[in-house]
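In this text, residue positions in the first sequence follow UniProt numbering: the first is 1, and each later residue adds one. Following: one structure in structure tokens, then a few remarks.
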Amino acid sequence: MPELPEVETVARTLRPQVQECVLSGAEVLRASSLHPLSLPLAALTGRRIADVGRRGKLLLLHLAPPDGAPESGPAPDMLAVHLRMTGRLMTWPRSTPPGPHTRCIFDLRAPDGDARRLFFDDTRAFGLVLAATPEIRQAWDFWRELGPEPLEIGARAFAALLKGRGAALKAVLLDQKVIAGIGNIYADESLFQAGLDPRRKAAGLSPAQSRCLLAALQDVLRRSIAQCGSSIRDYRDANGDVGAFQNSFAVYGRGGAACVRCGRPLEKIRVAGRATVFCPHCQK
DNA sequence: TCCTCCCTGTTC
DNA sequence: GAACAGGGAGGA
Numbered sequence: 001m002p003e004l005p006e007v008e009t010v011a012r013t014l015r016p017q018v019q020e021c022v023l024s025g026a027e028v029l030r031a032s033s034l035h036p037l038s039l040p041l042a043a044l045t046g047r048r049i050a051d052v053g054r055r056g057k058l059l060l061l062h063l064a065p066p067d068g069a070p071e072s073g074p075a076p077d078m079l080a081v082h083l084r085m086t087g088r089l090m091t092w093p094r095s096t097p098p099g100p101h102t103r104c105i106f107d108l109r110a111p112d113g114d115a116r117r118l119f120f121d122d123t124r125a126f127g128l129v130l131a132a133t134p135e136i137r138q139a140w141d142f143w144r145e146l147g148p149e150p151l152e153i154g155a156r157a158f159a160a161l162l163k164g165r166g167a168a169l170k171a172v173l174l175d176q177k178v179i180a181g182i183g184n185i186y187a188d189e190s191l192f193q194a195g196l197d198p199r200r201k202a203a204g205l206s207p208a209q210s211r212c213l214l215a216a217l218q219d220v221l222r223r224s225i226a227q228c229g230s231s232i233r234d235y236r237d238a239n240g241d242v243g244a245f246q247n248s249f250a251v252y253g254r255g256g257a258a259c260v261r262c263g264r265p266l267e268k269i270r271v272a273g274r275a276t277v278f279c280p281h282c283q284k
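Set out below in structure tokens:
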């Protein structure tokens, strides 16, 4: 399930494969994988991929401005991809046929003339692609309301995000409008590292606890990025490689096992509708 | 603010 | 053959 570190890893591995390539065609194989606000993917034809980036859990292909003759119709400057749980982006040789879960195909022409294709595969079909103009992004609630990047925020701003929120700490961390890119894995891992009970009200944290939580969150995210993310079931980077951070989990997926800190059994409960593992002894 | 639904493969 | 995994939309 790609969260911030996994999407960051996909961006880093995909960049050398697609940067400076020109999109020579694009096709949607499953209509529901195209966001309703998206321009038709045909609008991407002829556009050059200037860079690959990330915002929260969104993978972004930044498109260079069109050169030459004026376009007919609006020109997208970005292709955004949300991988959700099972989305994958990988390039293949030109004539590779789509797989059973291929949702979109992007044909690419590299500067050296090499032809290849980028597949968006997504088993559970929760993922989305969206070809966007700046105007479309502003009309997209999810984009417009997306919270700040956790690795770019300071202690003061983080404390302000939690202020006045009566919801459980974990629910607040998962809320993309509060802070972007955190999913179930990194919420549980950072709450354990900070020694905080996931059910606690976010607003009840002391300034010291708030600082501690941000430090834990940033440390967990950075350590995971350094290990190319976590591969639980489906996640692969753009080279098809798995991450290694799943070997460093303290709590995620370890319900009933011994706490790495105190040895007592970890408890598995549901918070905000999500499976949640924590140590009742170490997390208060 | 919380619950249900979407979707499919895996596990019990 | 049911339970489960889970991000986000939409509704209660």
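We treat Cβ as the ideally placed atom computed from N, Cα and C, and that holds for glycine.
Beta-ladder partner(s) of residue i, from DSSP
| i | result |
| --- | --- |
| H101 | Per DSSP, none; premise fails for H101. |
| M90 | F119 |
| V10 | Note: V10 sits in no beta bridge, so no partner. |
| M78 | H62, A132 |
| F106 | A26, L118 |
| A258 | P265 |
| L83 | None; L83 has no bridge partner. |
| L34 | V129 |
Limits of the unbroken alpha helix (DSSP H) element including residue i
| i | result |
| --- | --- |
| I136 | 134-139 |
| residue 288 | For residue 288 there is no data in the structure shown, the boundaries of the chain being 1 and 284. |
Unbroken beta strand (DSSP E) run spanning residue i, endpoints
| i | result |
| --- | --- |
| A50 | 49-55 |
| L23 | 22-28 |
| E267 | 267-271 |
| V251 | Here V251 belongs to no beta strand (DSSP E), and DSSP marks it neither H nor E. |
| V277 | 274-278 |
Exposed unless 16 or more other CB atoms sit within 10 angstroms - verdict on residue i
| i | result |
| --- | --- |
| D112 | exposed |
| R144 | exposed |
| P207 | exposed |
| G87 | buried |
| C262 | exposed |
| I269 | exposed |
| R264 | exposed |
| K177 | exposed |
| D122 | buried |
| residue 342 | A query on residue 342 cannot be resolved here, the shown segment of the chain reaching from 1 to 284 and no further. |
| R117 | buried |
| R156 | exposed |
| S230 | buried |
| S95 | exposed |
| E6 | buried |
| residue 289 | Residue coverage of the chain in this structure runs from 1 to 284, which leaves residue 289 outside it and unanswerable. |
| R54 | buried |
| P76 | buried |
| I8 | What sits at residue 8 in the sequence shown is Glu, not Ile. With 16 or more Cβ atoms within 10 Å of its Cβ, E8 is classed as buried. |
| D188 | buried |
Selected residue, minimal CA-CA separation from residue i, among the options
| i | options | result |
| --- | --- | --- |
| Q209 | N239, Y186, K163 | K163 |
| N184 | D51, Y252, A155, K268 | Y252 |
| C279 | A194, E135, H101 | A194 |
| L205 | K284, G46, A115, H101 | K284 |
| L29 | C104, D175, K57, L191 | C104 |
| R47 | E20, L59, P134, L146 | E20 |
| T91 | G181, F119, P148, S248 | F119 |
| G25 | A257, A42, R222 | A42 |
| R165 | A244, R199, E149, E152 | R199 |
| A216 | Y186, S231, A226 | Y186 |
| S190 | L169, A203, K201 | L169 |
| E149 | Q138, L161, A139, D141 | L161 |
| L130 | V172, R94, L44 | L44 |
| A203 | I182, S224, L214, A167 | A167 |
| L59 | L89, E27, R274, Q227 | L89 |
| T133 | H82, G154, P40 | P40 |
| L174 | A275, G127, D107 | A275 |
| R15 | C259, D237, C282 | D237 |
| L61 | P74, A31, P93, T13 | T13 |
| K57 | A64, H82, I49 | H82 |
| F245 | L214, R124, I225 | I225 |
| P36 | A139, F249, D219 | A139 |
Cβ-heavy atom distance, residue i to the ligand ATP, below 7 Å
| i | result |
| --- | --- |
| E267 | No copy of the ligand ATP appears in this structure; indeed no ligand is present at all. |
If we require 4 or more residues per run, which alpha helix (DSSP H) segments fall completely within the segment 167-220?
Correct list: 169-174, 184-194.
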